[in-house]
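Enquirer: Going by the numbering used here, the first residue of the sequence shown is number 417, and it counts up by one from there.
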Amino acid sequence: MATNREQAAGWTGVGSMPGTNVHEAVRIAVDECSELVFLPELPGRGVTAGMIGRTAALLVGLGVDLQPAGWRLTDASGIDHRRASSLLAEDLDALEEHTQSYEGPLKVQVVGPWTLAAAVERPRGDKVLGDHGARRELAESLAEGLREHVGDVRRRTPDAEIVVQIDEPSLPAVLAGSISTASGFHRHRTIDAPAADQALRWVTDAVRDAGATPVAHVCARDVPIALLAGAGFAACGFDLSYVESGVLDPWAEAFESGVDLWPGVIPTHEPDSPFSDADAVRRLEAFLSALGFGPEQYAGRLTVTPTCGLAGASPSWAGRALAASRKVAAGLAG
């Protein structure tokens, strides 16, 4: 999806930010990413505000609670589930307050069905990933929750174009069969491409049915770009360092098929030596050239981001990283 057809590239944040003050985080997201605002996640407030907790708050028809081993499906919602829902509502209130009359793209982030299945446990223990029926139930619950979530965001920001980023950092490990069982002595079985595609399609279809645009984000090695393109994502975010030296044909094919690219090129932590916008621009131009595309092909189809979330960054670097994303995007315009 294009964020600004007047420029070669847009820019935005991946999602998480440091600190615990949601109004300050939203203000920074609005100020620094004025053409593709995002709703920050603040995991510094605790596990109920983290990426799994926030997504658990969206589930429909399933209860979850926090156990010593992490989030677990339960017969009824527990206090931690209710706390996660309350924090999400507070964050949406802050977003609504700071985006009055905003008319551009606005991004929210949720965890995708495979990373969620690899993180949440069944009622009797071990991951949902190991049970076909539980995986399906979880994915369908997430899809229905996303329909409702997009509707809520639209009511709060009626003039915005809603973008839903589906975070799947565990998807490559799920496909490779490298997710550990609860005992740690074994691995969950590999999930084949058709099964992976089905759950992803439930989510992308739900987002599109709600009138929003689905974007994938995988800040891990071995991004399954062909799978994501086939599942209906409009764009894919990734850490450029994991991709630029690998096999590029699937990326070129995905781009030619209409999937936009959201390369992460800004460090998530302040580097030891000064960050160079010009070097980042050159890296991006070299990557795009290696794909076989010039400025006339990628104009309006790139969105520059940090390599991943900024929760572990210092507050000063978080703001500077978003500003650097803007400068690199502007640099691609020549």
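Using N, Cα and C, we set each Cβ at its ideal position, and we do this for glycine too.
Using a Cβ-Cβ cut-off of 8 Å (strictly less than) and excluding sequence neighbours within five positions of T620, which residues of its own chain qualify?
Expert: Closer than 8 Å at the Cβ level, and outside the excluded window around T620, lie I582, P630, A647, G648, F649.
Enquirer: For E451, write down the residues that DSSP places opposite it in a beta bridge.
Expert: E451 is not bridged to any residue.
Enquirer: Taking S501 as the reference, which of W530, V476, L656 has the closest Cα?
Expert: The candidate whose alpha carbon is nearest that of S501 is V476.
Enquirer: Just to confirm, is the Cβ distance from A628 to V566 under 8 Å?
Expert: Closer than 8 Å, so yes.
Enquirer: According to DSSP, which residues form a beta bridge with L677?
Expert: Its beta-bridge partners are C652, L718.
Enquirer: Could you tell me whether the segment 695–712 touches the segment 730–737, using the rule of 3 or more Cβ pairs below 8 Å?
Expert: Cβ pair count under 8 Å is below three, so no.
Enquirer: Is G460 helix, strand or coil by DSSP?
Expert: Note: G460 maps to helix in three-state DSSP.
Enquirer: Determine, using beta carbons only, whether S705 and T721 come nearer to each other than 8 Å.
Expert: No, Cβ-Cβ distance for S705 and T721 is not below 8 Å.
Enquirer: So, for D547: in the same chain, excluding its five sequence neighbours on each side, which residues have a beta-carbon less than 8 Å away from its beta-carbon?
Expert: Contacts found: R538.
Enquirer: For D481, report the span of its alpha helix (DSSP H) as first-last.
Expert: Taken as a continuous stretch (DSSP letters only), D481 belongs to no alpha helix (DSSP H), being part of the beta strand (DSSP E) at 479–483.
Enquirer: Below 8 Å, can you find three or more Cβ-Cβ pairs linking the segment 477–490 to the segment 602–611?
Expert: No, because fewer than three Cβ pairs between the segment 477–490 and the segment 602–611 fall closer than 8 Å, the two stretches do not touch.
Enquirer: Q713 bridges to which residues according to DSSP?
Expert: Beta-bridge pairing links Q713 to no other residue.
Enquirer: Could you tell me if D608 is buried or exposed, where buried requires 16 or more neighbouring beta carbons within 10 angstroms of its beta carbon?
Expert: The residue in question, D608, is exposed, as its Cβ has fewer than 16 Cβ neighbours within 10 Å.
Enquirer: Distance, Cα to Cα, L644 vs P610?
Expert: When rounded, the distance between both Cα atoms is 12 Å.
Enquirer: Once DSSP output is grouped into helix, strand and coil, what is the label at H548?
Expert: It is helical.
Enquirer: Could you tell me the alpha carbon to alpha carbon distance between P588 and T531, rounded to whole angstroms?
Expert: Near 10 Å, if we compare the C-alpha coordinates of T531 and P588.
Enquirer: Do R563 and A473 come within 8 Å of each other at the CB atom, strictly closer than that value?
Expert: Result no, Cβ atoms of A473 and R563 do not sit closer than 8 Å.
Enquirer: Using a Cβ distance threshold of 8 Å, determine whether the segment 505–520 contacts the segment 448–456, with at least three qualifying pairs required.
Expert: Judged by Cβ distances under 8 Å, the segment 505–520 makes contact with the segment 448–456, as three or more pairs qualify.
Enquirer: With DSSP as the reference, label G426 as helix, strand or coil.
Expert: DSSP places G426 in strand when its eight states are reduced to three.
Enquirer: Which runs of the beta strand (DSSP E) spanning at least 3 residues fall entirely within the segment 512–556, listed in chain order?
Expert: Runs found: 521–527.
Enquirer: Report the option in Y714, E686, V663 whose CA atom is closest to the CA atom of W678.
Expert: With distances taken between Cα atoms, W678 lies closest to Y714.
Enquirer: Do you know offhand how far V527's Cα is from F709's?
Expert: Their backbone Cα atoms lie some 31 Å apart in a straight line.
Enquirer: Taking its Cβ as the centre, do 16 or more other Cβ atoms sit within 10 Å of G751, making it buried, or is it exposed?
Expert: Given a span of 417 to 750 for the chain in the structure shown, any question on residue 751 remains unanswerable.
Enquirer: Buried or exposed: where does Q483 fall if 16 or more other Cβ atoms within 10 Å of its Cβ makes it buried?
Expert: Burial call: exposed.
Enquirer: Tell me which same chain residues have a C-beta within less than 6 Å of the C-beta of A668, skipping the five on either side of it?
Expert: Result list for A668: L707, G708, in chain order.
Enquirer: Identify the continuous beta strand (DSSP E) that holds S625 and give its terminal residues.
Expert: According to the sequence as given, residue 625 is Asp; it is not Ser. Unbroken run through D625 is the alpha helix (DSSP H), 609–625; no beta strand (DSSP E).
Enquirer: So, are the CB atoms of V580 and V524 less than 8 Å apart?
Expert: Yes, the pair counts as a contact, with Cβ atoms nearer than the cut-off.
Enquirer: Ordered along the chain, which non-local residues of its own chain (more than five positions away) have a Cβ less than 8 Å from that of R551?
Expert: Result list for R551: P529, A533, V544, L545, A615, in chain order.
Enquirer: Would DSSP call D496 helix, strand or coil?
Expert: If DSSP states are grouped into helix, strand and coil, D496 belongs with the helices.
Enquirer: Report the CB separation of S585 from A636 in whole angstroms; it is logged as a contact under 8 Å.
Expert: The identity of residue 585 in the sequence shown is Pro, whereas the question assumes Ser. 5 Å between Cβ atoms; contact.
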